[in-house]
Amino acid sequence: MILDYETLKFVWWILVGALLIGFAVTDGMDMGVGNLLPFIGRTDDERRVIINTVGPHWDGNQVWLITAGGAIFAAWPAVYAAAFSGFYMAMLLVLFALFFRPVGFDYRSKIADPRWRRAWDWGLFAGGAVPSLIFGVAFGNLLQGVPFHLDEFLRSHYQGSLLWALLPLLNPFALLAGVISFAMLTMHGGVWLQLRTNAPIAQRVKMAITIMGLVAAAGFALAGLWITYGIDGFRVVSQPALDALPNPLAKTVVVEAGAWLAIYDQVPVAILAPVAGFAGIFTTILLSRMDRPGWAFLTSGIGMTGIVGTAGLSMFPFIMPSSIDPKSSLTVWDAPSSHLTLAVMFWAVVIFLPIVLGYTVWCYSRMWGKVTEQEIQARSHSAY
Amino acid sequence: MDELFIDLSRWQFAATAMYHFLFVPLTLGISWILFIMEAVYVMTGQEIYRDMTKFWGKLFGINFALGVTTGLTMEFEFGTNWAYYSHYVGDVFGAPLAIEGLMAFFLESTFIGLFFLGWEKLSKRQHLMVTFLTAFGSNLSALWILVANGWMQNPVGSEFSAQTMRMEMTSFAEVLFNPVAQVKFVHTVSAGYVTASMFVLAISAYYLLKGRDLAFAKRSFAIAAGFGLASALSVIVLGDESGYELGDVQKTKLAAIEAEYETLPAPAPFTLFGLPNDETMQTDYAVKVPYALGLIATRSTDQEVTGLKDLMVRHEERIRSGMVAYGALQKIRQGAADDETKATFEAHKVDLGYGLLLKRYTADVVDATPEQVALAVQDTVPPVAPLFWTFRVMVAFGFLMLFLIGAAFWFTVRRTIERQRWLLKMLLWSLPVPWLACEMGWFVAEFGRQPWAIGEVLPTFLATSSLTSGELAFSLAGFIGFYTFLLCIEVYLMQKYARLGPASLGTGRYHGEQPHPAPAE
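If you read the sequences in order, they're chains A and B.
All the letters of the first sequence, read from the start, carry residue numbers 462 to 845 under the working numbering.
All the letters of the second sequence, read from the start, carry residue numbers 29 to 549 under the working numbering.
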């Protein structure tokens, strides 16, 4: 094995981050398009144009979400177990919303009745809006710590059930994080629409991009202030060697003000993440208004990378801190799989991710070009 | 131990997995049938084969959408509902799932969009390649999922670690080349091919019976009959009995399926019918075929098939050994273990899972009374009658389909198929049969694995999340309600487009259409 255990643990933190960013850029784009669908598309033909800009690609894009889930299962089984069961009600909400998407895309055009189509428009909206909000809410809760603890056999127990588990997740800071996530994905989806459609959709969507970009930036700034002055972070006081066999309960952790900003002192270059977040959003707004949607798509991706990266870096090495039993917190060093599994999975990613990116680009390039109402009318039987 | 909560967790997994598998087998098979149809189109240039690819592709799409929908749940359900399972075996089980996403699901899902929407934007050969990659990706998906499932049945290539309190992978190659996974893969994809063949045969039979779209229906029928015959033979010949050779879990499953309470002298007879009785541990009114089971299960005339009573004796020994392992593990977890305790643990840890079975009756395991041990021993064998009957109906359906597809193939070759109205009617009525057989197959595989989530490693009742019955009742009702709602829409669209037939393509060439000039392409 070429890479030692400590290195692999760190590399997997990068890889999961990369998969989440890949998810935001691809499937997040589809969700953003869904968020805009009922508002930007005024006629059925316009809405079909909007849907068909992502029609051939949404399914492949969604695999980023599935692969991110699978990768967390394989690389951080403790996180997969504690987070998904702890956030049970929120996960159900996301799943039930996501259910509308595959059927929405495929079934909507199969029946011409306007009520049928209108219903699926709102289904596609829900399939975009709920997950894009809840994923942000999840990050907002991770930053505040989650009420779970691990027992001596490493079974995780979560405080509260049903509404008493769900409602505390929807606290003000978490909702702010949800708004940031919703706004940035909607902005990103908007840029995609501007890129792939003609006027009037491409014109109409510019206002949405500006508003959503400003909301995302303002929310991001507010969240930064909130973290600085209002939310305590977590700090590892002592822990086993970084290449030791993972045992979350073997460390000591304190909760203290400013801990989430420590990384920017220790590794000053980390400040590039929030800078990229703001710069990406503002350039996106600018480029969109200058009718340069291709470049705006790139900067929007950079902005989202910056925002996701800021959340991840601020918490490093924590992945899922525990608010009721800090030593149960899961970190980059004590949540991963065994050395062998991390290595096998590392090589799987190194080999297959470039192949995936290669054929994904080929597919987009084949389907490139503006989607027009004429084209939809001509292919009425086969288009979405 | 909250038995209601555990039952609800099991019901939810069973419901969501079996719903999901309503859509998987058709995808596995019809994607190859589409590839065959399109390959004929590319080679001969006859438009009717392109129309066939597009029309059957439309029905495939209606099915596929729900396959994706219900599949989403499966990717997250281990974490949401089987959190201790996820922690305990994620190191091994997570890897094939993640690789499935990277290697197979990306492939299938990225190209499927171009299959549906890329006809005008791709060259003939490019589109054919896209169809091939979609089919290849979906079948590769099945391989990785069955590697994961095979490991649940026969957990090779891994070892329990007391420090991390979980199973850890020791050999990825052993996990990948698990013999149980290999036979399961072949059996499952072949069953999918048969399902798709029956689907195309039944709907084509409907057109033939109605005397409409004859050229279209006969060509579709012929391709499905040829593809289906090869697949039906493969399901039955390669059936997964060879998987039962391995491990006590598979032996127990085999004995339960066959209602073999006693170990009989080799070669054992096969019980064709009978009434298994778990109370008295014997099969009443059994009709037996001499030698058959010995031949099927051991492929020999001199090896015994171990009966449930003897297996339970062995299980009791392993439960007692597991109690020793658990006692040593407790000391290790408390950091109070000397070398001797560690050595004891290593010597007994292969039976740890059997010790954990006692957790249902006593939290501490090591203080189990003889009565509690006896109860745990009872638990090591799944209820026999449901397995016995489900398996027999599945096999009967398998032979029924072999007969129907064989007859379809025969009369296709004789070119008299449209005159065999009895066969066409039987095919149409048999449309639900492959789905029933597939669902029964999974029932036998997974119910037969009980009481284990991971064979001999982790009992199902320990594998759950720490949730409440209220949450499970809510989510179970939600899944069933939502899925059923979507299933109704799916079935409605499916029959609408099946009745509409190739006219739904809007080419103007098919039954019920006003002829008009084909659009310029």
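No residue lacks a Cβ here, since even glycine has one placed at the ideal position from N, Cα and C.
Asked	Found
Interface flag, LYS831 of chain A vs chain B, CB-CB below 7 Å	no
Whole-number beta carbon distance between TYR525 of chain B and ASP241 of chain B, since they are thought to touch under 8 Å	Between TYR525 of chain B and ASP241 of chain B the Cβ distance is about 13 Å, and since that is not below 8 Å, they are no contact.
Under the three-state DSSP convention, the category ALA325 of chain B falls into	helix
Within chain B, the residues that GLY819 of chain A reaches when beta carbons sit closer than 8 Å	Under the 8 Å cutoff, chain B gives no residues; its nearest Cβ is about 10 Å from GLY819 of chain A.
Which listed residue (B:TRP84, B:SER37, B:TYR69) has its alpha carbon closest to that of PHE249 of chain B	B:TRP84
Cross-chain neighbours of ARG437 of chain A in chain B, by beta carbon under 8 Å	Residue coverage of chain A in this structure runs from 462 to 845, which leaves residue 437 of chain A outside it and unanswerable.
Short CB-CB distance (under 7 Å) between GLU467 of chain B and chain A	no
Cβ neighbours of GLY483 of chain B in the same chain (closer than 7 Å, five flanking residues each side left out)	MET180, GLN181, ASN182, PRO183, GLY275, VAL277, ARG477
Given ARG579 of chain A as reference, the closest of A:GLY565, A:LEU624, A:GLY589, A:PRO592 once Cα atoms are compared	A:GLY565
Reduced DSSP category for TRP110 of chain B - H, G, I as helix; E, B as strand; rest coil	coil
ASN632 of chain A to GLY639 of chain A span [Cα, whole Å]	10 Å
Alpha-carbon to alpha-carbon, ARG447 of chain B and GLY239 of chain B	11 Å
Helix, strand or coil at PHE134 of chain B according to DSSP, with G and I counted as helix	helix
Integer Cβ distance of LYS712 of chain A from ASP786 of chain A, believed to fall under 8 Å	Actually they do not touch by this definition, with Cβ atoms about 12 Å apart.
Among B:LEU323, B:LEU451, B:ARG388, the one whose alpha carbon lies nearest that of PHE437 of chain B	B:LEU451
Alpha-carbon spacing of VAL217 of chain B relative to ALA260 of chain B, whole angstroms	11 Å
3-residue-minimum beta strand (DSSP E) runs that sit fully inside the region 654-709 of chain A, ordered along the chain	693-699
GLY819 of chain A versus LEU257 of chain B - alpha carbon distance	38 Å
Where the region 511-523 of chain A meets chain B: residues whose CB sits under 8 Å from a CB there	ASN513, GLY516, PRO517, HIS518, TRP519, ASP520, GLY521, GLN523
Neighbour list for ASP856 of chain A in chain B, Cβ cutoff strictly below 8 Å	Because chain A spans 462 through 845 in this model, residue 856 of chain A falls outside it and cannot be assessed.
Of the residues B:LEU32, B:LYS281, B:THR44, B:ASP30, the one placed nearest ILE508 of chain B, counting alpha carbons only	B:THR44
The region 617-636 of chain A contacting the region 663-670 of chain A, beta-carbon criterion three pairs below 8 Å	no
With 16 other Cβ atoms within 10 Å as the buried cut-off, status of PRO295 of chain B	buried
Terminal residues of the beta strand (DSSP E) in which ARG342 of chain B lies	Note, ARG342 of chain B: premise wrong, no beta strand (DSSP E); alpha helix (DSSP H) at 336-361.
In DSSP terms, what GLU187 of chain B is bridged to	B:GLU196
Entirely enclosed alpha helix (DSSP H) segments - the region 449-490 of chain B, minimum 4 residues	449-457, 461-475
Contact test: MET490 of chain A Cβ vs the ligand ADP heavy atom, cutoff 6 Å	Annotation note on the ligand ADP: not contained in the displayed structure, which lists no ligands.
Pick from A:TYR825, A:THR821, A:GLY694, A:ARG657 that is closest to PRO778 of chain A, judged by C-alpha positions	A:GLY694
Host beta strand (DSSP E) of ASN167 of chain B (start-end)	Run containing ASN167 of chain B: none in the beta strand (DSSP E); it sits in the alpha helix (DSSP H), 152-181.
Contact with chain B by PHE534 of chain A, beta-carbon distance below 7 Å	yes
Against chain A: residues of the region 97-108 of chain B by CB proximity under 9 Å	THR97, THR98, GLY99, LEU100, THR101, GLU103, PHE104, GLU105, PHE106, GLY107, THR108
Run of the alpha helix (DSSP H) containing THR744 of chain A, from where it starts to where it stops	733-750
Three-state secondary structure assigned by DSSP to ASN305 of chain B	strand
Spatial distance of VAL263 of chain B from VAL472 of chain B (CA atoms)	15 Å
Residue from B:LEU415, B:THR159, B:SER497 whose Cα sits closest to the Cα of GLU474 of chain B	B:LEU415
The region 550-568 of chain A touching the region 515-525 of chain A, judged by at least three CB pairs closer than 8 Å	yes
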